[in-house]
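Under the numbering used here, the first residue of the sequence shown is numbered 355, with each subsequent residue one higher.
Built from N, CA and C at the ideal position, the CB exists for glycine as well.
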Amino acid sequence: MATDYAMLSENLSRFYDFKSGALHRGGRQLLDPATPTRKLIAIDRDVEALRGLKANIVAQGLQNSVEVVGASFEEVTLHGDAVYFEFCLHEMNDSAKALIHAKSLAPDIVVYDHSPGSEWSYYCAEENKVSLSSAAMERFGIRRHQTFQAEQRFGNHAELLAKVGLERPLAVERTQRFARDRDIVIPMSYELNLL
């Protein structure tokens, strides 16, 4: 396992109470579908991620409280009590525009993402995207903020490459320093923000 997802999920559940419901944008599912909510709507363009989530929902018998929507977030017009971005705001083409759209859908916006300056973001070649989304949140107005530390762990360089993605040449280049290493540990700072 690259990082402790149970710990990330626990941090989320302590930070914000999703009991009334949420529009969820992101594929990792740190927000457990079994969390007692009136309605959870999971939104993602990634068909594979949604397929796995749907299987999990059916296995847990949650079809009545969880809806899965295959769409780009910008196209969604559903409304809820909160919009939740899970490690994806920095990946959106225009973070500020996404936040404005989110606010038109719900009064609360919860963003779970990498912190600026995170060593992990550097190795993934995402530090610029993370800085831009962080600046967009600052301009938008952060009501509550909490920062956490974790580690990304890999048995070898091949596992690390599989995680950062071979389609990112700069990430491949940056992780080359671990090419001969075993038991690779890379610090990862991340944060939760309520806007």
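- For residue 498, the beta-bridge partners assigned by DSSP are 548.
- At a Cβ-Cβ threshold of 7 Å, residue 548 and residue 497 count as neighbours.
- Straight-line measurement puts the Cα of residue 405 at about 21 Å from the Cα of residue 432.
- Distance check between residue 486 and each of 460, 523, 373, 470 places 470 closest, using alpha-carbon atoms only.
- Sequence-distant Cβ neighbours of residue 408 in its own chain, meaning closer than 6 Å and more than five residues away, are 422.
- Check the Cα spacing between residue 464 and each of 453, 474, 364, 473: the tightest is with 453.
- Inside the region 468-534, DSSP marks whole alpha helix (DSSP H) runs of 4 or more residues at positions 473-477, 481-494, 511-518, 523-529, from first to last along the chain.
- Exclusion of the five residues before and after residue 543 leaves 469, 472, 503 as the residues of its chain whose Cβ lies within less than 6 Å of its Cβ.
- Residue pairing by DSSP places residue 536 opposite 510 in a beta bridge.
- According to the DSSP secondary-structure assignment, residue 398 is paired through a beta bridge with 424.
- By the Cβ neighbour-count rule, residue 361 is exposed, with fewer than 16 other Cβ atoms within 10 Å of its own.
- Across the structure, residue 525 and residue 518 are spaced so that their CA atoms are roughly 7 Å apart.
- Burial is judged here by how many other beta carbons sit within 10 angstroms of a residue's own beta carbon; residue 456 has at least 16 and is buried.
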